[in-house]
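Report on the structure given below.
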Amino acid sequence: MRLSNLINSLPPYHFANAKQKILDRQAAGVDVISLSMGDPDLPAPAAVVERLCAAMQSTENHRYPEYRGMRALHEAIAAWFEQRFGVQLTPEHDILPLLGSKEGLAYAATSVLNAGDIALVPDPYYPVYISGTTTPGAEPFLLPLREEQQYLPDLGNIPADVLARTRLIWLNYPNNPTAACADRAFFERVVDFARRHDIVIIHDMAYAEVYFDDFRPMSILQIPGARDVAVELHSLSKTYNMAGFRIGMLVGNPELVDAVGRLKSNIDSGIFRPIQYAAIEALQLPPSWLAERNVIYQRRRDILVEGCNALGMRAEKTRAGLYVWAHVPQGYTSRDFANWLFDQTGVFVTPGTNFGPAAKAMYAFL
Ligand SMILES: Cc1ncc(COP(=O)(O)O)c(C=O)c1O
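Residues in the sequence shown are numbered from 432 upward in steps of one, following the numbering used here.
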């Protein structure tokens, strides 16, 4: 069959291949420990599962859901956002529930970019920032994230001809894969940059609620004026161990939120209502639920970071996020090392180069 140029240009999705590799190895009897993908092994909260089951009993919920999500979910997201970040969102205009944040990334970019435009993509990157850029025919321009610059992109060195065609910048803090976090000063700089150059910011905050000690990652929407230029994506996948439920949200600039809603209603038919009820339950959990869950990740982080450093594989204790970005031993590429580790031990990690050409470290999920 003759397929479209778009499909022919899309690479296979790394994590889909990785999942198959793990299944094949498990079928061969290997006890695989997968540290390769941010897919929480801890269960979703019991109250969430109960609410889901209860909502399933109502036949009203078996019908098509609302295209843009239930009003009660919009309100629960607004209340959660205000409590967590001190930012007031208008439930009907600033919020769009999603079938997981991944689709929102792609649709937000499609809603902004035209063929020939440029999107600034920090490198290393979550792969969807590239496919989200190229699907509407735009080009990625990579901004290297360097350790010595705390993995923040340098906005001062972008060539003028690139800047003239730039319509979008992708950001992701806490970062996958480096686990770096951005501070207020950086977000202020990037909002100012976006306003001056008429650029849209898509801030992916999938790891907002995995943090350690007293650190709390901030939302870009806490910066005055950010809502004029930015949208932010949140996800219940990592926040409440609900990756399989497929629910997240786009918040921020109302024009872009509305555009994504319009695009989605032409493609999908909304989120199964029992899952929306489950999400409402999750968003209303007390902060102690998150605190207890994050202690588990913190313990895992300590074991992993201390172990990597003891082996000479330099890794930092992270303040947030689900990943440890460890330097591979001398003489290995990250891909060779990941393959060697899997063959020898059944421990599956993702090579840094899966996140772009600049990345040399491997990464492991907590
Ligand atoms: C950086 C980042 N953004 C977004 C997602 C997508 O999350 P979901 O679609 O489950 O909300 C992931 C998943 O691993 C991720 O790592």
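Glycine is no exception: its CB is placed at the ideal position from the N, C-alpha and C atoms.
Q: Kindly list the residues whose CB is nearer than 7 angstroms to the CB of GLN451, restricted to its own chain and excluding five residues on each side of it in sequence; keep chain order.
A: In the sequence shown, residue 451 corresponds to position 20, counting from 1. Here the set comprises nothing.
Q | Other residues of its chain near ILE654: CB distance less than 6 angstroms, five sequence neighbours each side excluded | A | Taking the sequence shown and counting its residues from 1, the one referred to as residue 654 is at position 223. Here the set comprises PHE618, GLU619, VAL622.
Q: Look up GLY683 in the DSSP assignment and say whether it is helix, strand or coil.
A: Locating residue 683 in the sequence shown gives position 252, counting from the first residue. The three-state reading of DSSP puts GLY683 in strand, counting E and B together.
Q) So ALA610 packs on ALA751, CB below 8 angstroms; how close in whole Å? A) Along the sequence shown, read from residue 1 onward, the residue named residue 610 stands at position 179. Along the sequence shown, read from residue 1 onward, the residue named residue 751 stands at position 320. The beta-carbon separation of ALA610 and ALA751, rounded to 7 angstroms, stays under the 8 angstroms limit for a contact.
(Q) Quick check: LEU527 and VAL755, are their CB atoms within less than 8 angstroms of each other? (A) Working through the sequence shown from its first residue, we reach residue 527 at position 96. Working through the sequence shown from its first residue, we reach residue 755 at position 324. Cβ distance not < 8 angstroms, so LEU527 and VAL755 don't count as in contact.
Q. Since ALA792 and HIS758 are thought to touch, with beta carbons under 8 angstroms apart, how far apart are those beta carbons, to the nearest angstrom?
A. One-based indexing of the sequence shown puts residue 792 at position 361. One-based indexing of the sequence shown puts residue 758 at position 327. Between HIS758 and ALA792 the Cβ distance is about 5 angstroms, and since that is below 8 angstroms, they are a contact.
Q) With ALA540 and PRO567 assumed to form a contact (beta carbons below 8 angstroms), what rounded beta-carbon distance in angstroms separates them? A) Taking the first residue of the sequence shown as 1, we reach residue 540 at position 109. Taking the first residue of the sequence shown as 1, we reach residue 567 at position 136. About 7 angstroms separates the beta carbons of ALA540 and PRO567, which is inside the 8 angstroms limit, making them a contact pair.
Q.
Quick check: the Cα distance between GLY738 and GLU578, rounded to an integer number of angstroms?
A. For this step, residue 738 is matched to residue 307 along the sequence shown. For this step, residue 578 is matched to residue 147 along the sequence shown. Taking the straight line joining both Cα atoms gives about 21 angstroms.
Q: With a floor of 3 residues, list each beta strand (DSSP E) that falls wholly inside the segment 509 to 556, ordered by position along the chain.
A: Here the runs fully enclosed are 526 to 529, 549 to 554.
Q: Would you kindly work out how many angstroms separate the C-alpha atoms of HIS628 and GLY777, rounded to a whole number?
A: The residue given as residue 628 occupies position 197 in the sequence shown. The residue given as residue 777 occupies position 346 in the sequence shown. HIS628 and GLY777 have their C-alpha atoms some 48 angstroms from each other.
Q: Identify every run of the alpha helix (DSSP H) within the segment 725 to 756, keeping only runs that are complete inside it and at least 4 residues long; order them along the chain.
A: Along the length of the segment 725 to 756, whole alpha helix (DSSP H) runs at least 4 residues long do not occur.
Q | ASP462 to GLY656 span [Cα, whole Å] | A | Position 31 of the sequence shown holds residue 462. Position 225 of the sequence shown holds residue 656. Approximately 51 angstroms between the Cα atoms of the pair.
Q.
Just verifying my parser: in three-state terms, what is the DSSP assignment at SER465?
A. Position 34 of the sequence shown, counting from 1, holds the residue named residue 465. The answer is strand: DSSP assigns SER465 an E or B state.
Q.
Buried or exposed, going by whether 16 or more other CB atoms sit within 10 Å of the CB of GLY469?
A. Counting from 1 along the sequence shown, the entry for residue 469 is found at position 38. Result: buried.
Q | CB contact flag (LEU599, PHE624, <8 angstroms) | A | To locate residue 599, count along the sequence shown from 1; it is residue 168. To locate residue 624, count along the sequence shown from 1; it is residue 193. Result no, Cβ atoms of LEU599 and PHE624 do not sit closer than 8 angstroms.
Q.
Can you give me the C-alpha to C-alpha distance between ASP554 and PRO782, rounded to a whole angstrom?
A. As a working note, residue 554 is residue 123 in the sequence shown. As a working note, residue 782 is residue 351 in the sequence shown. If I take the Cα positions, the gap works out to 14 angstroms.
Q: Ignoring anything shorter than 4 residues or poking outside the segment 614 to 687, list the alpha helix (DSSP H) runs there in chain order.
A: Fully enclosed alpha helix (DSSP H) runs of no fewer than 4 residues occupy 615 to 628, 667 to 670 of the segment 614 to 687, in order along the chain.
Q | Beta-carbon proximity list for SER376, same chain, < 7 angstroms, skipping 5 on both sides | A | Because the chain here runs from 432 to 797, residue 376 falls outside it and cannot be looked at.
(Q) Do LEU652 and VAL682 have their beta-carbon atoms positioned less than 8 angstroms apart in this structure? (A) Start at 1 with the first residue of the sequence shown, and residue 682 comes out as number 251. Start at 1 with the first residue of the sequence shown, and residue 652 comes out as number 221. It is a contact, given that the beta carbons lie within the stated cut-off.
Q) Taking 7 angstroms as the cut-off, is the CB of TYR557 close to at least one heavy atom of ligand 1? A) Within the sequence shown, numbered from 1, the residue matching residue 557 stands at position 126. Because some heavy atom of ligand 1 lies under 7 angstroms away, the Cβ of TYR557 counts as near it: yes.
Q.
I believe TYR530 touches TYR708 by the beta-carbon criterion, under 8 angstroms. Please report the beta-carbon distance rounded to the nearest angstrom.
A. On the sequence shown, position 99 is the one that residue 530 refers to. On the sequence shown, position 277 is the one that residue 708 refers to. The question names Tyr, but residue 530 in the sequence shown is Leu. Contact between LEU530 and TYR708 is absent: CB atoms are separated by about 15 angstroms, not below the 8 angstroms threshold.
(Q) Considering only their Cβ atoms, is the gap separating ALA475 from TYR671 smaller than 8 angstroms? (A) For the purposes of this step, residue 671 is identified with residue 240 of the sequence shown, where counting begins at 1. For the purposes of this step, residue 475 is identified with residue 44 of the sequence shown, where counting begins at 1. Contact: yes.
Q) When the Cα of LEU454 is compared with those of ASN785, PHE773, THR784, LEU797, which residue comes out closest? A) Position 23 of the sequence shown, counted from the first residue, corresponds to residue 454. If we check each option's Cα against that of LEU454, PHE773 comes out closest.
Q. Can you name the residues that DSSP bridges to THR564?
A. As a working mapping, residue 564 is identified with position 133 in the sequence shown. According to DSSP, which records beta bridges pairwise, THR564 is partnered with nothing at all.
Q: Answer with buried or exposed for GLU640, where buried requires no fewer than 16 other C-beta atoms within 10 angstroms of its C-beta.
A: Taking the first residue of the sequence shown as position 1, residue 640 is located at position 209. With 16 or more other Cβ atoms inside 10 Å of its own Cβ, GLU640 counts as buried.
(Q) On the CB-based measure, 16 or more other CB atoms within 10 Å of its CB, does SER440 come out buried or exposed? (A) By one-based count along the sequence shown, residue 440 stands at place 9. Exposed, by the Cβ-count rule.
Q) Would you call the segment 760 to 775 and the segment 711 to 731 touching, i.e. three or more CB-CB distances under 8 angstroms? A) Because the criterion of three Cβ pairs below 8 angstroms is not met, the segment 760 to 775 and the segment 711 to 731 do not touch.
Q) Who's in the neighbourhood of ligand 1, going by beta-carbon under 6 angstroms from any heavy atom, listed in chain order? A) Qualifying residues come out as GLY469, GLY531, SER532, LYS533, TYR557, ASN603, ASN607, ASP635, ALA637, SER666, SER668, ALA674, GLY679.
Q: Work out the CA separation of ASP548 and PRO571 for me, nearest whole Å.
A: Within the sequence shown, numbered from 1, the residue matching residue 571 stands at position 140. Within the sequence shown, numbered from 1, the residue matching residue 548 stands at position 117. Answer to the nearest angstrom: the Cα atoms are 9 angstroms apart.
Q: Could you have a look at ILE438 and say whether DSSP puts it in helix, strand or coil?
A: Your numbering for residue 438 matches position 7 in the sequence shown. Helix at ILE438.
Q | Own chain, CB closer than 7 angstroms to ILE702, minus 5 neighbours either side, in chain order | A | Translated into positions along the sequence shown, residue 702 becomes position 271. Counting only Cβ-Cβ distances below 7 angstroms, and skipping sequence neighbours, we find PRO496, GLY500, PRO528, LEU530, ILE678.
Q: Pull up the DSSP beta-bridge partners for MET793, would you.
A: In the sequence shown, counting from the first residue as 1, residue 793 sits at position 362. ALA757, PRO782, per the DSSP bridge assignment.
Q: Tell me whether ASN684 is buried or exposed, calling it buried when 16 or more other Cβ atoms sit within 10 Å of its Cβ.
A: As a first step, residue 684 must be located in the sequence shown, where it is residue number 253. That one is buried.
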